[in-house]
Each structure stands twice: as C-alpha cells, then as structure tokens.
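One structure below.
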Amino acid sequence: MFNILPLVFFLLRLIVVVIMFAPFSSLSQALNCEPLDPRQHVGKKAEHSIEGSAKALFKVAKGEINYKNKTQEEINNLYQSYPNADRIVIQGKLIYTFCTALNDAKDMKPSDKLEKLNNFMSLLIGTPTATDKPTSQKEKNQYIAELDEFVFELKQCKGSGSAIRCYFIVTNVGQDRSLGIYGNYGASSSRLFLASGDEVLSVKSQLGASESKQYVSVNLISGIPVKASLHFKASNIESNKIAALEVKTKGGPIQFRGITLAE
0 MFNILPLVFF LLRLIVVVIM FAPFSSLSQA LNCEPLDPRQ HVGKKAEHSI
50 EGSAKALFKV AKGEINYKNK TQEEINNLYQ SYPNADRIVI QGKLIYTFCT
100 ALNDAKDMKP SDKLEKLNNF MSLLIGTPTA TDKPTSQKEK NQYIAELDEF
150 VFELKQCKGS GSAIRCYFIV TNVGQDRSLG IYGNYGASSS RLFLASGDEV
200 LSVKSQLGAS ESKQYVSVNL ISGIPVKASL HFKASNIESN KIAALEVKTK
250 GGPIQFRGIT LAE
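According to numbering that gives the first Met the number 0, the sequence shown is numbered sequentially starting from 0.
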C-alpha cells in the first residue's frame, strides 16, 4: 500500500508556498502556480492524461458540485494507466495544472481561486490509491458521469409495482446552453436493462420544470444543479437490480451500471 504521509507533508508545504507567494495585489490573478510545478516528468502520454484530468476536475469544481468521487475516479485511473509513474509527481502535476486553470478563470475572485485550490489539495490528501479500491466508493464513482460538460449524478432508482423511476442531478459546467433528454423516442429512447435481461424503454423524461413523453429540452445556467428524472414501466421486475441504465441525450448516451432499486 502507498505511504500517504510523505504526500501529506508535501502538500502542506505547497499550501504554505501558495499563501506566501500569492500576489493579492493583482485583481486578475491570485495564485503563483510556478512553485507547485514538481518539475519532474512521467512521460508525454501520462502528462497529457494528467492535464486532461486536471482540466476536467476544474470544470466540475467550478460548477460548485461535489467532485470528491470524480477526483477519486480520475486519480485511480491515472495510477492504473501509468503504474510505473511516480505517484507524488502525478498528484503534483494535477495540482499545478488545476492551479493554472484557476488562473485562467477570469470570472472568479482571487479569494475564491485560493479557496478552491486549497480544497482540491485537501481532496488529494484524502484520496486512496488504486490498490485500496473500497467497494462502496467504487460504486459511488459509477453514479457520476460527464458528457459534453454536463455532469450527471444518479441519485437513485426507485421501483414500485411495474414502475421504475430514476432520479438525477444535472449540472452544466460549461457555458449557458440547452440540454435535451430523450424519453420514448424510437431508436433514441432512454432505456434500462434489468438483471433478468429484459430491456425497458423510458416512457417519460423530466428536466427541471419541463417533462415530456418523447423529448425534453431546457436551457441550463452554468454551475446550477437541476433535477431530472426518467420514468419506465416494466412488465415483470424479478429482482432489485438494474444491470445498466442508458440516458439518451441530444449530445449522446450516458451509462450507469450495477444499480440497486430502492423501494
């Protein structure tokens, strides 16, 4: 198991460096990211993946939603993809790239940038390595997905008689724009697969205050979580397990697997 203590002390030193060197006299920039650069390399391919992960996490964090599970997922994916890379360097580069993304955000206050950086560091300190893999945490990771800068968090699926309803929180982490979710719409219908092997098509989709049997589209404000749901009618529910749920959106499908039905 990876020893987390050296990383804890390393990150605490970084926090002190940021606070000491932050140019608060500047209104456009509150962070001096250069001291955070580990200045070590883990390979071009790995560094490209690290940059992508850091930018994705920044978009989620900027949207003011809980991104602890997403951080866990991204860091474990990096560990698994690059097992020979120094893990402290991976985390250091994640912090550095996250910091530079904060500096590029012109719509954030300097104090907010520093707060988000400190919160991100705290999340990394508490992130277990890929070898830990707690089952409950792994299951939670499966219930958050991102597509085209829309983050979907599956809250639960409830079954009652022949009816199944799945509830989400959707957050737009990009610019203000519309999101479309399909209900029952031919080949584009949202659907789920029961553990018995039965495929069930959605009969209605709901997003915010709008709902439709076929298709619903709503303009979402950046960073504001909105409730959504999909409704299904199954002829026979033999177990409390959903093998897979596929949410069809205008931008493409999103999948969640291994869902336990709540009563």
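In this text, a Cβ means the ideal position worked out from N, Cα and C, and glycines have one as well.
Alpha carbon of residue i to alpha carbon of residue j, nearest angstrom
i	j	result
L116	E148	21 angstroms
E152	T70	14 angstroms
S187	P37	46 angstroms
G250	L146	7 angstroms
K157	L30	45 angstroms
Y95	C32	6 angstroms
P34	L178	40 angstroms
K232	R176	31 angstroms
H230	K43	45 angstroms
Q155	F255	11 angstroms
S110	I241	44 angstroms
Which listed residue (the options) has its alpha carbon closest to that of residue i
i	options	result
H47	C32, K92, N83 and K247	K92
E262	A100, G160, S209 and I253	G160
C165	G51, A243 and E72	A243
I143	L56, Y184 and Q213	L56
N235	L260, G173, D197 and Q155	D197
C260	K247, P252, A208 and N239	One detail in the question is off: residue 260 reads as Leu in this sequence, not Cys. Considering only alpha carbons, the answer is N239.
Q79	I49, L113 and G185	I49
Y66	L101, E245, A208 and L123	L123
D106	G173, E237 and N75	G173
E237	I220, S195, E210 and R86	S195
Interface flag, residue i vs chain C, CB-CB below 9 angstroms
i	result
D197	Absent here is chain C; the protein component of the structure consists of one chain.
Per DSSP, cross-strand counterpart(s) of residue i
i	result
P252	K247
L200	R190
G158	I163
A233	Paired residue(s): none; A233 is not in a bridge.
A144	F151
R176	L219
L206	S209 and A227
K240	T259
T170	V150 and P224
Y214	Y181
Other residues of its chain near residue i: CB distance less than 6 angstroms, five sequence neighbours each side excluded
i	result
A84	V41 and A45
Q39	V88
T170	G62, I64, V150 and P224
G207	V217 and V225
K247	Y181, S187 and S189
N118	none
P252	E245
Q90	L123
Neighbourhood of residue i by C-beta distance below 7 angstroms, restricted to the same chain and skipping five residues each side
i	result
S228	R164, C165, Y166, F167 and Q205
S121	none
S52	E73, L77 and L93
N183	L200, S201, V202, K212 and Q213
Next on the checklist: Within 8 angstroms, do at least three Cβ pairs link the stretch 213-221 to the stretch 190-199?
Outcome noted: no
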